[in-house]
Amino acid sequence: MSTSTRIKRVIPVALYTVFYLLCFTYLENRHIRYHIIDSSLDDKIPFCEYFIIPYLLWFLYIAVTVGYFLFFNENTTEFWSLILNLAIGMTLFLIVSYVYPNGLNIRPAEFTNDSVFTRMVQFLYRTDTPTNVLPSIHVYNSVAAFSAIHTCKNLQKHKGIRTGSFILTTLIILSTMFLKQHSIADVATGITCAVATYVLFYSRAAEKQGAKAKQRSPLHQHDTHV
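Following our numbering, the numbering of the sequence shown begins with 5 at its first residue and continues without gaps.
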């Protein structure tokens, strides 16, 4: 991949990152009444501090995935599918947070034990408010990253990477609820939005690829000549 191509890719990603962070900071610092959206179903999910590990791994997961498609994957369609997929979900999150300010009241008031994991959770609670949670960006971006990895042509032979991506995505989704960072509603809307954009960016391409493979298969060629 040429340097000019990398620069053309980096600029829009960098610009959107700055735009998103500025908007998110504004939303987090607004003095406004929030609609509490958690339910009794969320109370049935136990708190588990060990899920702080996959929750924090999300930052590395997204950074590595974007970095790979940004600098090492020469397939332009796959790159823009990932970037636009992420941008749509994150922009939708900003719009929902602005129009419908929302928050949660499910965090534990105290911890039954003191460990490195609970201290990490306490640090997370101090730095991340339980507001503007719908849909869950942790969930949406994780599914978007998995979709990009799962459909990437260069990674089709790397079963370990694709399986690891699925496992990590699943653990991240669970972590949002077991850490009381998100409610079931946040997770459900995050997954729903991610599935919708998967259909938009990947399912049609997969169908076309499958049709082309069928046309190239010897069995199909034999049937067409019968």
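All residues carry an ideal CB built from backbone N, CA and C; glycine is no exception.
Look at Asn89 here: in three-state DSSP terms it is helix. In this structure, the CA atom of Asp132 is about 19 Å from the CA atom of Phe23. Under the Cβ criterion (8 Å, minimum of three pairs), the stretch 136-151 counts as touching the stretch 192-199. Look at Ile36 here: in three-state DSSP terms it is coil, with no helix or strand label.
The Cβ neighbour count for Gly71, taken over all protein chains shown within 10 Å, is under 16; the residue is labelled exposed. Assigned with DSSP and collapsed to three states, Asn158 falls in helix.
Rounded to the nearest angstrom, the Cβ distance from Phe55 to Leu183 is 5 Å, consistent with a contact under 8 Å.
At a cut-off of 4 residues, the continuous stretches assigned as alpha helix (DSSP H) that sit fully inside the stretch 56-104 are 56-75, 80-103. Leu90 is not a Cβ neighbour of Phe83, given a cutoff of 8 Å.
Spatial neighbours of Leu31 in its own chain (CB-CB distance under 6 Å, excluding positions within 5 residues in sequence) are listed in chain order as Ser101, Asn136.
In the displayed model, Asn109 falls within coil according to three-state DSSP, outside both helix and strand. Among the bridge pairs identified by DSSP, Thr135 is matched with Gly107.
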